[in-house]
Every structure is written in structure tokens, then in C-alpha cells.
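Below: one structure, written as C-alpha cells.
2 protein chains.
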Amino acid sequence: MIGPIQALTFDVFGTVVDWRSSIIREGQAFRHGVDWAGFADAWRARYQPMLERVRSGALPWTPLDTLHRMSLDALVADFGLAGLSADELDHLNRVWHRLDPWADAIAGMTRLRRRFTVAALSNGNVALLVDMARRAGIPWDAVLGAEVARTYKPQPEAYLETARLLGVAPEACLMVAAHNNDLVAASALGFRTAFVVRRTEHGPAQTTNLAPERAWDIVAEDLVDLAVKLGC
Amino acid sequence: MIGPIQALTFDVFGTVVDWRSSIIREGQAFRHGVDWAGFADAWRARYQPMLERVRSGALPWTPLDTLHRMSLDALVADFGLAGLSADELDHLNRVWHRLDPWADAIAGMTRLRRRFTVAALSNGNVALLVDMARRAGIPWDAVLGAEVARTYKPQPEAYLETARLLGVAPEACLMVAAHNNDLVAASALGFRTAFVVRRTEHGPAQTTNLAPERAWDIVAEDLVDLAVKLGC
Numbered sequence: 001m002i003g004p005i006q007a008l009t010f011d012v013f014g015t016v017v018d019w020r021s022s023i024i025r026e027g028q029a030f031r032h033g034v035d036w037a038g039f040a041d042a043w044r045a046r047y048q049p050m051l052e053r054v055r056s057g058a059l060p061w062t063p064l065d066t067l068h069r070m071s072l073d074a075l076v077a078d079f080g081l082a083g084l085s086a087d088e089l090d091h092l093n094r095v096w097h098r099l100d101p102w103a104d105a106i107a108g109m110t111r112l113r114r115r116f117t118v119a120a121l122s123n124g125n126v127a128l129l130v131d132m133a134r135r136a137g138i139p140w141d142a143v144l145g146a147e148v149a150r151t152y153k154p155q156p157e158a159y160l161e162t163a164r165l166l167g168v169a170p171e172a173c174l175m176v177a178a179h180n181n182d183l184v185a186a187s188a189l190g191f192r193t194a195f196v197v198r199r200t201e202h203g204p205a206q207t208t209n210l211a212p213e214r215a216w217d218i219v220a221e222d223l224v225d226l227a228v229k230l231g232c
Numbered sequence: 001m002i003g004p005i006q007a008l009t010f011d012v013f014g015t016v017v018d019w020r021s022s023i024i025r026e027g028q029a030f031r032h033g034v035d036w037a038g039f040a041d042a043w044r045a046r047y048q049p050m051l052e053r054v055r056s057g058a059l060p061w062t063p064l065d066t067l068h069r070m071s072l073d074a075l076v077a078d079f080g081l082a083g084l085s086a087d088e089l090d091h092l093n094r095v096w097h098r099l100d101p102w103a104d105a106i107a108g109m110t111r112l113r114r115r116f117t118v119a120a121l122s123n124g125n126v127a128l129l130v131d132m133a134r135r136a137g138i139p140w141d142a143v144l145g146a147e148v149a150r151t152y153k154p155q156p157e158a159y160l161e162t163a164r165l166l167g168v169a170p171e172a173c174l175m176v177a178a179h180n181n182d183l184v185a186a187s188a189l190g191f192r193t194a195f196v197v198r199r200t201e202h203g204p205a206q207t208t209n210l211a212p213e214r215a216w217d218i219v220a221e222d223l224v225d226l227a228v229k230l231g232c
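Listed in order, the protein sequences are those of chains Z and S. Following the working numbering, the numbering of the first sequence begins with 1 at its first residue and continues without gaps. Following the working numbering, the numbering of the second sequence begins with 1 at its first residue and continues without gaps.
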């Protein structure tokens with residue numbers, strides 16, 4: 001049985017927004033003849049290694065926008081994008097500010113927010129998350145996570161600083177994520193856990209995070225299902 | 001002429017919410033026979049000296065909820081409240097989480113938010129501001145300010161860290177406040193400035209901040225007037 005929850009802390013990329021389809025959609029509208037699916041996958045494949053450079057101390061604290069840009073600069077030649085202007089590259093890098101939510105996300109979060117504080121606990125920087133929320137209508141009560149803690153998930157301080165800023169004990173926070181490893185890290189700190197199944201985050205051939213790998217407190221098909229399961 | 005603005009950063013106590021009337025209202029419903037107006041004024045009179053203890057380094061970083069409680073503990077005997085239980089004192093201390101907005105605030109901010117990012121740049125801690133916003137319906141895009149910068153206004157980092165987290169240059173931030181000294185500090189860092197006239201923040205006999213003391217970029221009668229003056 002799950003104890004009393006006061007705040008829901010959300011992973012964002014993959015859990016609330018569909019980054020892969022959004023990058024493909026925007027890329028295809030921007031330029032024909034580029035393998036935008038391959039590009040999206042290659043860009044995201046550099047994500048965890050980049051975060052690890054910061055977590056390990058090889059890089060000082062660096063916001064995600066800057067890490068995205070470092071990865072993008074390393075990819076453009078391989079995908080026939082080397083001719084982009086500086087403005088075009090800046091615009092492309094900020095596609096992460098313009099990701100679309102999954103179809104259930106806004107409806108589910110709007111219901112959840114009636115009863116619980118809903119906060120981003122993301123590796124995205126605050127400006128990225130605020131721009132995304134304004135464009136997509138994501139109803140955050142607070143945008144927290146890695147940047148305010150100055151460390152990336154799954155480092156403990158990203159979770160603990162978010163709970164502390166919300167004034168809520170970890171045991172009264174429900175971490176909502178489509179990734180088992182995010183929930184492993186949060187649960188080790190006392191957070192309650194909700195796994196949301198996102199079977200196509202990585203496209204139709206996804207092989208990871210298709211099912212819960214532990215007995216999480218809640219397993220939900222999407223965020224509307226989570227609202228139902230929390231009685232909202 | 002004012003340059004292009006991307007984000008509005010708001011002072012909260014006195015500018016968005018009417019702390020004095022809210023404390024009096026809640027106090028009178030809680031217990032008769034107490035001078036709640038005198039109590040509210042005495043509590044707030046200890047506010048800047050408490051912040052100064054943190055700004056000066058005499059105290060380490062301490063969130064506003066804790067400073068409010070230190071001040072409250074020093075006041076209870078003088079106002080006949082020494083018999084309150086620990087739970088009652090905790091509840092009273094959190095009246096700052098339950099302040100009511102000025103009558104124009106929600107309507108004005110809702111209009112402003114259509115066009116600009118609206119963020120709290122307050123000395124209130126994040127949990128206080130989130131609770132207040134959820135109760136009152138204040139439509140923040142982000143709740144930032146002193147606690148995420150770990151220093152109190154008017155220290156420069158409180159303003160600069162908020163602008164940095166928003167990804168907006170100070171020159172594209174409009175600081176909105178009912179207090180001339182807040183705008184003095186912000187404008188020294190490059191922020192644009194909007195003075196909102198709140199003639200009864202300190203009650204009917206208010207003597208301070210009745211008028212702009214410099215040529216601020218905008219002077220508004222309230223937040224709806226600010227929306228009109230910004231073309232929202």
C-alpha cells in the first residue's frame with residue numbers, strides 16, 4: 001500500500017513528451033532528404049555519455065542546452081547538415097524546447113494537479129522546460145530538477161534538492177517516469193514510484209523499458225491512467 | 001523607450017499578494033481579542049532585519065519559512081499567543097503560504113502570461129510560493145528567486161540567477177515590484193523596471209512607496225494596468 005502522497009515529480013523526456021517524433025516532425029518540415037529518425041536517435045545516443053561527463057566531474061556544471069549543442073555539432077557532418085548557418089543550428093538545437101507531449105499527458109497532468117503538486121524533476125534546464133511548457137500547455141506548479149541542484153539524475157542531489165525545495169519529504173513524493181533506472185535511483189532515496197509505459201519512445205523497434213523491472217508502487221499505461229489509479 | 005521584453009520577474013509580497021490583510025483576516029478567524037494588525041506589522045518589521053542576518057553572513061542560508069518562524073517565536077508573548085500548541089504555531093507560521101492576491105493580480109497576470117514568461121523573483125522559499133500559487137491560482141511559469149540563488153534580494157545573485165535560469169538576458173527581463181528599492185537593485189543589473197503602486201500594503205496609514213522615486217520604465221496602478229501598458 002502506498003502512503004500519503006503530496007507531490008508528483010515527473011521525468012519529462014520520454015515520460016511527458018515524445019522527443020523522437022517531435023524531432024522527426026520538425027526536421028522533416030525543415031529539410032527533405034535527411035534521415036531525421038536516424039538523426040534523432042544519434043543525438044539522443046550522445047545524451048547519457050554527455051551527462052556522464054558532468055556527473056564524473058570531467059566537465060563542470062553545464063546546462064543541457066549546451067550539452068545538446070556540443071552533441072549536435074559533432075553530428076551535423078554525418079547527417080548532411082554541415083551547411084547550416086549559425087542561426088539555423090541554434091534553432092535546431094532548441095527543438096528540445098518545442099517537443100510535443102504524448103496525447104494523454106496534458107489531460108492526465110491537469111487531473112493530477114487538482115490534487116497534487118506537480119513538478120518537473122528533469123535533466124532539462126529550466127529555460128528549456130519553461131519554453132516547452134508554455135508552448136505545449138504543460139501545467140507545472142514548479143520546474144525543478146538537475147539545473148537547480150547543479151547535478152544530473154540519477155545523482156541523488158537532483159532528487160533530494162527537488163523534494164527539499166518543494167518542502168515535501170521524499171516519502172511523500174511520487175516519482176513518475178517511463179524509465180526503470182530513474183525509479184531505481186528515486187526509490188533508493190525514499191521516493192514512491194510510478195512507472196509509465198511508453199512503448200514507442202525510441203520508435204517502433206524499442207527494446208528497453210517495455211515493462212516494469214521491479215515492483216513499483218504504481219504501473220500506469222499513461223498519465224490519464226495514472227490519474228485514475230491515484231483517484232483523481 | 002523600453003526594449004523588447006521576454007520575461008516578467010515579479011516581486012510577490014506586497015506586489016502580487018496583500019500579506020497584511022491576509023494575516024489580519026486569518027488571525028481574526030483564528031482568535032478574538034488579539035491585535036492582529038499590530039501583530040502583522042510587528043512580524044513584517046522583523047523581516048528585513050532577519051534577511052540581513054543571512055545577507056551579512058551572520059546566519060548561513062536559511063529559507064524564509066524558518067526566518068518567519070524565528071520572528072514569530074519572538075513575538076508570541078507580546079501578542080498574547082504564548083499558549084499556542086506546536087501545531088497551532090506551525091499553522092500560523094504558514095499563513096504566508098495562504099496569502100490572498102490583490103483583486104487585480106490574477107486577471108492581470110493571466111493577460112501578461114499570454115505574451116511573456118511570468119516568474120516569481122521573490123524572497124519567499126519555493127514551497128511557500130508554490131503553495132500560495134496553488135491556493136490562489138497565480139499562473140507562474142516558474143518559481144525562482146532567493147532560494148534557488150541561496151541569497152536574498154537585493155543581493156545581485158538573486159536577480160541574476162533567476163534571469164540565467166530563465167535563459168533571458170537581464171535587459172530582456174522586466175522586474176515588477178511595488179518597492180522602489182527592489183527596482184533600484186534590479187535596474188543596476190540591467191533589468192527593465194515596472195513600479196506597481198500599492199498604497200495600502202502597510203495599511204491605511206502607509207507612508208512608503210506611495211510613488212515612483214525614479215524614472216522607472218513603466219508605472220502602473222495595478223497588474224491589469226500593467227497588462228494594458230504592455231499591450232496585452
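Glycine residues also receive a C-beta, built at the ideal position from the N, C-alpha and C atoms.
Distance, residue j Cα to residue i Cα
i         : j         : result
Ala58(S)  : Leu64(S)  : 15 Å
Leu226(S) : Ile23(Z)  : 37 Å
Asn180(Z) : Ala105(S) : 42 Å
Phe79(S)  : Phe39(S)  : 7 Å
Arg44(Z)  : Ala37(S)  : 57 Å
Tyr152(Z) : Asn125(S) : 22 Å
Asp182(S) : Leu8(S)   : 14 Å
Lys229(Z) : Gly3(Z)   : 14 Å
Leu72(S)  : Ala158(Z) : 32 Å
Thr66(Z)  : Ala107(S) : 36 Å
Ala82(Z)  : Arg69(Z)  : 14 Å
Tyr47(Z)  : Arg53(Z)  : 10 Å
Ala185(Z) : Ala215(Z) : 14 Å
Ala86(Z)  : His32(Z)  : 19 Å
Phe30(S)  : Trp61(Z)  : 48 Å
Asp100(Z) : Arg25(S)  : 44 Å
Leu223(Z) : Pro204(S) : 49 Å
Ala127(S) : Ser21(Z)  : 35 Å
His202(S) : Leu166(S) : 31 Å
Ile5(S)   : Asp90(Z)  : 20 Å
Ser254(Z) : Val17(Z)  : A question about residue 254(Z) goes unanswered here, because the residues of chain Z that appear run from 1 up to 232.
Leu144(Z) : Ile138(Z) : 14 Å
Pro156(S) : Val148(S) : 13 Å
Arg55(S)  : Leu160(S) : 16 Å
Phe10(Z)  : Ala136(S) : 23 Å
Own chain residues within Cβ distance below 8 Å of residue i, not counting five before or after
i         : result
Trp140(Z) : Val118, Ala119, Ala120, Leu129 and Ala133
Ala146(S) : Leu64, Ser122, Asn123, Gly124, Asn125, Tyr152, Lys153 and Ala158
Asp217(S) : Ile2, Leu174, Arg192, Thr193 and Ala194
Asn93(S)  : Asp65, His68, Arg69 and Leu72
Trp102(S) : Val16, Val17, Asp18, Arg198, Asp222 and Leu223
Three-state class that DSSP yields for residue i in the structure shown
i         : result
Asp18(Z)  : coil
Thr110(S) : helix
Val34(Z)  : coil
Val118(Z) : strand
Leu8(Z)   : strand
Met1(S)   : Its pLDDT being 49, under 50, Met1(S) is placed unreliably in this model, and the value from its coordinates should be taken loosely. Met1(S): coil per DSSP, three-state reduction.
Contact set for residue i: own chain, Cβ-Cβ below 6 Å, skip 5 residues either direction
i         : result
Pro170(Z) : Ala163, Leu189, Gly190 and Phe191
Phe13(Z)  : Trp19
Asp131(S) : His97
Pro212(Z) : Phe195 and Val219
Gln28(Z)  : Trp36
Val76(S)  : Ala82
Thr15(Z)  : Ala177, Ala178 and Val196
Residues near residue i by beta carbon distance below 7 Å, same chain, minus five either side
i         : result
Met1(Z)   : Residue confidence for Met1(Z) is low, a pLDDT of 49 falling below 50, so the modelled location carries little weight; the figure read from the coordinates is stated next. Answer for Met1(Z): no residue qualifies.
Cys232(S) : Arg111, Leu112, Arg114 and Arg115
Gln206(Z) : Arg199 and Thr200
Glu221(S) : Val197
Met109(S) : Val118, Ile138, Pro139 and Leu223
Residues from the segment 112-138 of chain Z in contact with chain S, defined by Cβ distance under 9 Å: Arg113, Thr117, Ala119, Asn125, Val126, Ala127, Leu128, Leu129, Val130, Asp131, Ala133 and Arg134
Residues from the segment 142-156 of chain S in contact with chain Z, defined by Cβ distance under 8 Å: Ala142, Val143, Leu144, Glu147 and Val148
Entirely enclosed alpha helix (DSSP H) segments - the segment 143-168 of chain Z, minimum 4 residues: 146-149 and 156-166
Ranges of the alpha helix (DSSP H) found wholly within the segment 38-112 of chain Z, counting only runs of at least 4: 47-55, 64-75 and 86-93
In chain order, each alpha helix (DSSP H) run of at least 4 residues that lies wholly inside the segment 160-226 of chain Z: 180-188
Residues within the segment 163-190 of chain S neighbouring chain Z, beta-carbon criterion of under 7 Å: Leu165, Leu166 and Gly167
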